[in-house]
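Down below is the structure, laid out as structure tokens.
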Amino acid sequence: MRIAVANWKADKTQEDSLVWVKRFGAFWRDKIHLPGGIKEIEIVVCPGFTALDAAKNEIRKLGLPIKLGAQTVSHFENGPHTGQVTAAMISPLVDYCLVGHSEVRQELRISDKEINQELERLKEVKIKPILLASDLEQAERVCGVLRSLRRDDYAVTFEPIEAISKEGAYKSLSAEKVKAVLADWKKKLGLNCRWLYGGSVNPGNAGELIKQPDIDGFVVGQASLDPESFLRIIQVMIEE
Ligand code: PGA
């Protein structure tokens with residue numbers, strides 16, 4: 000099943016997140032007509048930690064087919080680590096968790112070793128990881144834990160740093176380039192999983208990208224902040 004992941008980064012308060020969920024719900028009912036029902040696509044939204052609980056309640060109340068993900072998780076299991084949010088803390092709230100996003104790597108100085116530990120922590124509490132890497136070597140260094148997971152229980156995302164949108168400007172790689180990279184990763188990493196692309200995905204390029212045989216879905220930043228824009232991407236993923 001294809002998967003559309005919204006990564007809101009540091010962009011929404013709890014209140015903003017609730018507004019988004021309500022607007023998404025209204026658009027969802029009006030605009031989307033799915034021939035085979037909502038099972039055709041998995042929708043995952045990753046708000047900041049402080050909005051997870053409220054978003055979960057609202058999604059449940061409105062009966063929306065949205066799963067939640069966290070944007071990162073501590074590599075510690077528990078203990079004296081002030082400021083850390085552990086896998087056990089988020090496990091009642093989320094199905095998924097992003098791991099190894101380049102912004103987390105750079106801004107929080109997270110190493111490959113810690114990313115491997117994060118994957119272990121998530122496995123212990125059965126949260127599904129969505130690993131992000133910007134090149135093959137980086138992916139190779141952190142994919143060990145993933146080998147013990149089942150296909151639908153994790154995803155690997157090619158997200159080149161230079162393609163991430165900046166100040167509202169989209170800078171995506173071409174669909175051909177993304178396809179070539181993911182085909183190479185598929186062969187060389189030997190993982191049986193869903194393969195995603197992230198980096199300036201928007202309603203204008205999602206169709207061309209999802210047509211490629213090696214792309215099972217997207218991690219969407221900027222274009223997911225507006226529910227209508229994210230829904231347009233979902234619609235394209237269902238129709239193509
Ligand atoms: P973008 O971000 O879609 O705004 O480029 C994607 C991401 O960094 O997850």
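Throughout the sequence shown, residue numbering follows numbering that gives the first Met the number 0, covering 0 to 239 in sequence.
Backbone N, C-alpha and C fix where the C-beta goes; we use that ideal spot for every residue, glycine too.
Given the structure is predicted, the values throughout are model-derived calculations rather than measurements.
Check whether the segment 110-121 touches the segment 46-57, counting contact only when three or more Cβ pairs, one atom from each stretch, lie closer than 8 Å.
-> no
Boundaries of the beta strand (DSSP E) in which I40 is found, first to last residue | I40 to C45
Have a look at P79 and M88 and give me their C-alpha separation to the nearest angstrom.
-> 15 Å
Option nearest S223 by Cα separation, candidates V200, I209, D215 and Q83 | V200
Span of the alpha helix (DSSP H) around K178 | A174 to L188
Does the beta-carbon distance from L135 to V98 come in below 8 Å?
-> no
Under the criterion of a Cβ to heavy atom distance below 7 Å, does I214 qualify as lining the ligand PGA?
-> no
Which of helix, strand or coil does DSSP assign to W194?
-> strand
Going by the beta-carbon positions, is the gap between S164 and G203 smaller than 8 Å?
-> no
Limits of the unbroken beta strand (DSSP E) element including G62 = Unbroken run through G62: none, as it is neither H nor E.
If you drop the 5 nearest sequence neighbours on each side, which residues of the same chain put their C-beta closer than 6 Å to that of A69?
-> I89, V93 and C96
Between which two residues does the alpha helix (DSSP H) carrying N115 extend?
-> D111 to V124
Based on the DSSP secondary-structure assignment, which residues constitute the bridge partners of C96?
-> A69 and P128
Local conformation of I89 per DSSP, three classes | helix
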